[in-house]
Each structure stands twice: as structure tokens, then as C-alpha cells.
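Protein chains in written order, with my numbering: chain A, 1 to 104; chain B, 1 to 455. C-beta: ideal position from N, C-alpha, C; glycine also. Below: one structure, written as C-alpha cells.
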Ligand SMILES: Cc1cc2nc3c(=O)[nH]c(=O)nc-3n(C[C@H](O)[C@H](O)[C@H](O)COP(=O)(O)OP(=O)(O)OC[C@H]3O[C@@H](n4cnc5c(N)ncnc54)[C@H](O)[C@@H]3O)c2cc1C
Ligand code: SF4
Ligand code: SF4
């Protein structure tokens, strides 16, 4: 007897379809600013950053330099550790002026 | 004070914040460690501000999740807390690609309070509640604000920079409770970035059962508030990577996930999302989550470097607590970080409160924090299991592949029902196990190598 799970799998359902709630999509959350400098193109023979990303948001560009779709980034930080060249600058972005404090 | 000079209350209005110097301590991050520190300091009469980058505490926090509560129970009234279930059963399974061998423990004592101090929680709810307890004790919470750096005067840390306009905030003490992705501490040179061998990538889903209200009770034998914590190792959990899978029961949902080393995630093992899906499809796991719907998908890294990765905890004007301080125990059998976060936050808070009485901010004055931690189970446990992780790493092929396979085959042999006598089944099972570990000599060596796990 084989077990037929009805939970979605990669084959029959893409991650995007399974993302009913991504915590980090809360309005007002500051999103991560992941930058990949040109050095990737010159040096890198791996695609470790792409391989490790649990949200599949890294894409290899036509020039071979990967980039990410920020809006679906889970901010897990894995790409930062995966890159063998310390090439992912994993920074929190700076908020623009005019925002007021909120506390409670 | 002249009449037109603003009162303290007015100075802290939302529109024109001027908190500078208004607080005794700044806590970076309102996770478990940060809230425990803030709560402790506020109760000791200090003016504390917690700065959290999420839209509320817990909005960004990811864990498996069992919350361990020995110290927390002393700090807050857990009867009021948003707990999901207590852990009534712990189960450890080794999985080959298609098979399972499991050991389960279900002591009746765990059904009685305090339930072995182990409760499943959802961090989005629990962290928010715990931060509220700190606020009720007098702390101030600022959300949607990211600390971008530390302010120094000479060697002394005297405040933080935030991403707010004019966002500098000064205070005599800074508690760094920013979790494992500790960019602020790293950038300030208080710790170095971990190597990828010491960091795990973890993916987790929360599943609900829209058409089956009894799924959790039935599948996990969970009566009333009782719940279960299932842990999985071996090929069927995370391939030949160093790590494992987990399933925890919440009140109406199930948390399921996998965690394994980043160094393995980039060499061979399929992507984390795919690994989790394969784990969910495993014949031993799929029936537990059948007909479930994913309501949340999250990911995070776990600092697993152990005691060797714990940085200097005490600096002039600042301390590191929780995951930011590398205080996570992952021995395979034990995955504990929540208790260590709270324990470290508590000791840091106590130490700062005492130092503040003397207006002392030097590292020497804050040393009592790292000493208290060294005396506590936190550092003792990390030391005790340090060798284990390294030894398992050396034996990973045996532990994650050969042994699970041999256990399954031996079990199949031992319980085989056919025309042969039991004795030959038992002999064959024994031979399988022995050949996996390298005969009697290998077994003896192995027993010696792992003796410290039970002594
Ligand atoms: C998949 C997984 C499973 C786990 N399972 C378990 C388990 O079952 N049991 C257990 O005991 N432990 C478990 N752990 C470990 C446990 O989650 C951590 O040890 C614990 O959450 C650490 O708490 P913390 O307060 O130090 O850090 P966190 O909970 O990470 O909190 C840090 C807080 O700081 C905020 N922050 C970060 N940077 C900034 C900044 N620059 N400015 C402002 N705010 C900032 C974050 O938003 C966050 O709220 C698990 C971990 C993972 C990833
Ligand atoms: S970020 Fe790192 S791993 Fe990714 S392509 Fe660039 S150099 Fe390679
Ligand atoms: S932080 Fe995590 S989710 Fe975001 S791009 Fe990097 S690996 Fe992917």
C-alpha cells in the first residue's frame, strides 16, 4: 500500500502557491536589502546562494549575476552564509525621513 | 523645572521623540532573550527601552517549537500565556528513504504541571505576550524600528543608531538580543561571523486541517492539552546532510520542518524547500499531515557552533544574550535555545540592575553576567555536548546512513514471521547491526566514544 499525501509537493504546486501567509510580508516591516556586487561574475563558479535559498527568490540573470526578488525574501540569512566569497551584503535598509515613532 | 519646559511624559511623545538619555538601558530585539532582560531590569526599577524591527514582537521569529520554561515560569504567570500544548510525548525516529524505526517516551508525570517545562507555542503570539509582560513591568517597546549600529565613546558603547530620522539613542547599557542574524554585533566587532559549517538552514511550515477537527487528537494520541514532539534523523529526513526533521503539535495546527547545515545545503542536498516537501512525503510522516493546508512558511538560520562559537559576552556598556551570543544547544537529541535565551536575558538584566546601583558600566562591572551564565546549566550544557557534535560529524556516514539502514533491516529480520525459528531471525538481526558498526571491536569503540551521552 502506498501512502498518498495530499499535502502540496514541489512537483504539483509551486512555493508561491503555498505561501498563504509569509510572516515577513506584514505591511510596515522593513525588508532586507540583499546586494550582490559584480564580483560574482568575475570570481564565482558556484551558485550556492541560489541553491540554499528556501524561498526560491534568487534568479540567475542573463549576465550570470544572480539577483533576488525582495518581496518574497524570508530574511533567513542563509544566502549570506552560503556564499563562499562573502559577497552577499546582508543589510537592513535605512528608512526614509518623515516616519514617526510608534510605541506601546 | 520652568513651566514651559516639557515634562518627561511630553518629551516622549510620538511625534517629536527625544528619548536620548531618557533610559537606563536599551535592549536590541524583543525576542525571548530581549524581553526577559527588559522584564528583569524593569522590575528592578530601571527605565528600559526595547527596540524591535518587526511590526510586533514575534512577527519575525521562527523556531520549531517547544518552549522550555524553567526560568520563565518564575518570571511570569504562564497560566496567562498563549501556550499551545504541553509536551506529553517525545519521539525519536530514524528514517531510511522509506522506513522508520522509532523510540517514544511518554511518562505520566509529564501530564502533571509544570509538564517538564516543555510547551509548544507559536512565537508570533508568545513573543508578543512576553514583551507585553515587560511593558506591564514598566519597559517601553518601540516596534518597526531597526537598530543599524552602536554608538561608542572610545571603547565604551553608549547607545544605538536606528533607522529612524535622528534615530540615535543613548543609554549607559545596551543589551544585544538580536538573535542569530546578529548584524549589529558583528558590524561592531563584538563577534565574528560564523562559518557555514556552524550554521543550519531551517525551513518550517505551520499546517492546519480544515476538514478534520480531530486530526491532532487522533494522529498524535493527544488528549486535552497534551501534545507531542517528534524528531527525525537519517536519510529520509534530510538526505545525507547533517541535521534532521521535526513535527510538533500545536492546539489546532502542526509545525513541521527540517534543519541542516548550510555547508551541506550547498553541496548535494536538494534545496531546503524541496527537502521539506520530501520529508512531508515520507511514508512515516505523510499520514500525520494528510489533508493539511499550509498556513505559514518560514525559514531561519540556527547558530550551531556550540561553546566554541560563544563570543566574549561582556563589553564596556554592553552585553550579548540569547542566539546573538551563540547560546543554542543542538546535540541532536536536545534542541534548546529558548530556555538559554531567557536564562541569559535574566542574568544580564540582574547584573545590569546591580551595576546601575553603582553607576558602573565597565566590562569588569558586568562580568557577573558571564560568571552567572558559566555557573548555570547554559554554559555547562554547551560544554558537555561540544564533543558530541564533533564526534557525530566524524561518524556522520554511520549515524545518518549505515545505522538507520541496519536498524530497519535488523528490525525486519527480528520480527520476521516465516517458517524459520526465531533464533535464526535474531542471529541475522544481530549480524546486521554488528556489521554496520564494524563488528564487536567497532561496537566497543563506538560505545566508548559515546559513553558520555549517558554518563
Ligand atoms: C527552525 C528552528 C527550530 C528551533 N526549535 C527550537 C525548539 O524547539 N526549542 C528551543 O528551545 N529552541 C529552538 N530553536 C532555537 C530558538 O528559536 C532560539 O534559540 C531562540 O529563539 C533565541 O531567542 P532570541 O531572543 O535570542 O532571538 P530571536 O528569537 O531570534 O529574537 C531576536 C529579535 O531581535 C529582533 N532584531 C534582530 N535584529 C534587530 C535589529 N537590528 N534591530 C531591532 N530588532 C532586531 C528580531 O526581529 C527578533 O524579534 C529553534 C530555532 C530554529 C531556527
Ligand atoms: S553571491 Fe556568492 S555564491 Fe552567489 S553568485 Fe555571487 S559569489 Fe557566487
Ligand atoms: S535571506 Fe534567505 S530567503 Fe532571503 S534571499 Fe537570502 S536565502 Fe533567500
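Around the Cβ of residue 123 of chain B, are there at least 16 other Cβ atoms within 10 angstroms (buried) or fewer (exposed)?
For this step, residue 123 of chain B is matched to residue 123 along the second chain. Residue 123 of chain B should be labelled buried.
Count the C-beta pairs between the segment 45–56 of chain A and the segment 71–89 of chain A that are closer than 8 Å, then say yes if the count reaches three, no if not.
The answer is yes - the segment 71–89 of chain A touches the segment 45–56 of chain A, with three or more Cβ pairs under 8 Å.
Go ahead and label residue 74 of chain B buried or exposed: buried means 16 or more other beta carbons lie within 10 angstroms of its beta carbon, across all protein chains shown.
Translated into positions along the second chain, residue 74 of chain B becomes position 74. Its Cβ having fewer than 16 others within 10 Å, residue 74 of chain B is exposed.
Leaving aside the five residues before and after residue 402 of chain B along the sequence, list all residues of the same chain whose C-beta is less than 7 Å from its C-beta, in chain order.
Counting from one through the second chain, the residue named residue 402 of chain B turns up at place 402. Only 436 meet the Cβ criterion.
Which partner residues does residue 230 of chain B have in the DSSP bridge list?
Locating residue 230 of chain B in the second chain gives position 230, counting from the first residue. In the DSSP output, where bridge partners are listed per residue, residue 230 of chain B has B:91 and B:247.
CA-CA distance, residue 74 of chain A and residue 68 of chain B?
For the purposes of this step, residue 74 of chain A is taken as residue 74 along the first chain, with counting starting at 1. For the purposes of this step, residue 68 of chain B is taken as residue 68 along the second chain, with counting starting at 1. Taking the straight line from one Cα to the other gives about 26 Å.
Between the segment 198–211 of chain B and the segment 287–302 of chain B, do at least 3 Cβ pairs fall closer than 8 Å?
Output reads yes: the segment 287–302 of chain B touches the segment 198–211 of chain B.
Using a 10 Å radius around the Cβ and a threshold of 16 neighbouring Cβ atoms, would you call residue 104 of chain B buried or exposed?
The residue given as residue 104 of chain B occupies position 104 in the second chain. Label assigned to residue 104 of chain B: exposed.
For the segment 251–284 of chain B, list every residue whose C-beta sits within 7 Å of some C-beta in chain A, in sequence order.
Residues passing the 7 Å Cβ filter: 262, 265, 266, 271, 272, 273, 274, 277, 280, 281 and 283.
In three-state terms, what does DSSP make of residue 60 of chain A?
For the purposes of this step, residue 60 of chain A is identified with residue 60 of the first chain, where counting begins at 1. It is a strand residue.
Can you give me the C-alpha to C-alpha distance between residue 158 of chain B and residue 361 of chain B, rounded to a whole angstrom?
Position 158 of the second chain, counting from 1, holds the residue named residue 158 of chain B. Position 361 of the second chain, counting from 1, holds the residue named residue 361 of chain B. Looking at the two C-alpha atoms, the distance is approximately 9 Å.
Mapping the DSSP letters down to three states, classify residue 181 of chain B as helix, strand or coil.
Here residue 181 of chain B corresponds to residue number 181 of the second chain, with the count starting at 1. It is coil, neither helix nor strand.
Residue 146 of chain B and residue 163 of chain B - do their beta-carbons sit closer together than 8 Å?
Here residue 163 of chain B refers to the residue found at position 163 of the second chain. Here residue 146 of chain B refers to the residue found at position 146 of the second chain. Going by C-beta atoms, residue 163 of chain B is nearer than 8 Å to residue 146 of chain B.
Can you name the residues that DSSP bridges to residue 297 of chain B?
Locating residue 297 of chain B in the second chain gives position 297, counting from the first residue. Note: residue 297 of chain B sits in a beta bridge opposite B:205.
Once DSSP output is grouped into helix, strand and coil, what is the label at residue 148 of chain B?
Here the question's residue 148 of chain B lines up with position 148 in the second chain. Reduced to three states, the DSSP call for residue 148 of chain B is strand.
Hey, which unbroken runs of the beta strand (DSSP E) at 3 residues or more fall wholly within the segment 38–101 of chain B?
Here the runs fully enclosed are 48–51, 66–68 and 85–95.
Taking the beta strand (DSSP E) that residue 320 of chain B falls in, what are its first and last residues?
Residue 320 of chain B sits at position 320 when you count from the first residue of the second chain. It spans 318–320 - the beta strand (DSSP E) in which residue 320 of chain B sits, taken as one unbroken run.
Rounded to a whole number of angstroms, what is the C-alpha to C-alpha distance between residue 327 of chain B and residue 47 of chain A?
The residue given as residue 327 of chain B occupies position 327 in the second chain. The residue given as residue 47 of chain A occupies position 47 in the first chain. Looking at the two C-alpha atoms, the distance is approximately 31 Å.
Is it buried or exposed for residue 43 of chain A, if we count other Cβ within 10 angstroms and need 16 for buried?
For this step, residue 43 of chain A is matched to residue 43 along the first chain. Label assigned to residue 43 of chain A: exposed.
Exposed or buried, residue 85 of chain B, counting other C-beta atoms within 10 Å across all chains shown (16 or more means buried)?
Counted from its first residue, the second chain places residue 85 of chain B at position 85. Residue 85 of chain B comes out buried.
Tell me where the alpha helix (DSSP H) around residue 342 of chain B begins and ends.
Along the second chain, read from residue 1 onward, the residue named residue 342 of chain B stands at position 342. Here the alpha helix (DSSP H) through residue 342 of chain B covers 338–357.
Please list, in chain order, all residues of the same chain as residue 155 of chain B whose beta carbon is under 7 Å from its beta carbon, the five residues on each side excluded.
Here residue 155 of chain B refers to the residue found at position 155 of the second chain. Excluding residues within five positions, the ones whose Cβ falls inside 7 Å are 316.
Chain B beta carbons: is any one of them nearer than 8 Å to that of residue 21 of chain A?
In the first chain, counting from the first residue as 1, residue 21 of chain A sits at position 21. Because residue 21 of chain A sits at a pLDDT of 41, beneath the cut-off of 50, its placement in the model cannot be relied upon, and the following sentence gives the value as read from the coordinates. Yes, because at least one Cβ of chain B sits closer than 8 Å to the Cβ of residue 21 of chain A.
When the Cα atoms are used, what is the spatial distance from residue 341 of chain B to residue 182 of chain B?
Indexing the second chain from 1 puts residue 341 of chain B at position 341. Indexing the second chain from 1 puts residue 182 of chain B at position 182. Using only the alpha carbons, I get a separation of about 14 Å.
Could you run through the segment 291–306 of chain B and flag, in chain order, every residue whose CB is less than 7 Å away from some CB of chain A?
So the list reads 291, 292, 294, 295, 296, 297, 298, 299, 300 and 301, given in the order they occur along the chain.
Classify residue 40 of chain B as buried or exposed, calling it buried when 16 or more other Cβ atoms lie within 10 Å of its own Cβ.
For the purposes of this step, residue 40 of chain B is taken as the residue at position 40 of the second chain. Result: buried.
At 7 Å on the CB atoms, spell out the chain B contacts of residue 48 of chain A, in chain order.
Here the question's residue 48 of chain A lines up with position 48 in the first chain. Within chain B, the residues near residue 48 of chain A are 266.
For residue 290 of chain B, name the three-state secondary structure that DSSP assigns.
The residue you call residue 290 of chain B lines up with position 290 of the second chain. It is coil, neither helix nor strand.
Could you pull out every residue in the same chain whose Cβ sits closer than 6 Å to the Cβ of residue 263 of chain B, ignoring the five residues on either side in sequence?
What you label residue 263 of chain B is simply residue 263 of the second chain in a count that begins at 1. Correct list, in chain order: 196 and 197.
Are there any heavy atoms of ligand 1 lying less than 7 Å away from the beta-carbon of residue 68 of chain B, as far as the coordinates show?
To locate residue 68 of chain B, count along the second chain from 1; it is residue 68. It does: the Cβ of residue 68 of chain B is within 7 Å (strictly closer) of some heavy atom of ligand 1.
Would you please verify whether the beta carbon of residue 52 of chain A is less than 8 Å from any beta carbon of chain B?
The residue you call residue 52 of chain A lines up with position 52 of the first chain. By this cut-off, residue 52 of chain A is an interface position.
Go ahead and label residue 269 of chain B buried or exposed: buried means 16 or more other beta carbons lie within 10 angstroms of its beta carbon, across all protein chains shown.
To locate residue 269 of chain B, count along the second chain from 1; it is residue 269. Buried, by the Cβ-count rule.
Residues in the same chain with beta-carbon distance under 6 Å from residue 61 of chain A, minus the five sequence neighbours each way, listed in chain order, please.
Stepping through the first chain from its first residue, residue 61 of chain A is reached at position 61. Cβ within range, chain order: 67.
Looking at C-beta atoms only, is the number of pairs between the segment 205–217 of chain B and the segment 23–30 of chain B that lie closer than 8 Å three or more?
The segment 205–217 of chain B is not in contact with the segment 23–30 of chain B.
Could you check whether the Cβ of residue 54 of chain A sits closer than 7 Å to any heavy atom belonging to ligand 3?
As a first step, residue 54 of chain A must be located in the first chain, where it is residue number 54. Residue 54 of chain A Cβ: within cutoff of ligand 3.
Going along chain A, which residues have a C-beta under 7 Å from residue 128 of chain B?
As a position in the second chain, residue 128 of chain B is number 128, starting the count at 1. Those within 7 Å of residue 128 of chain B in chain A number zero; the least Cβ separation is about 11 Å.
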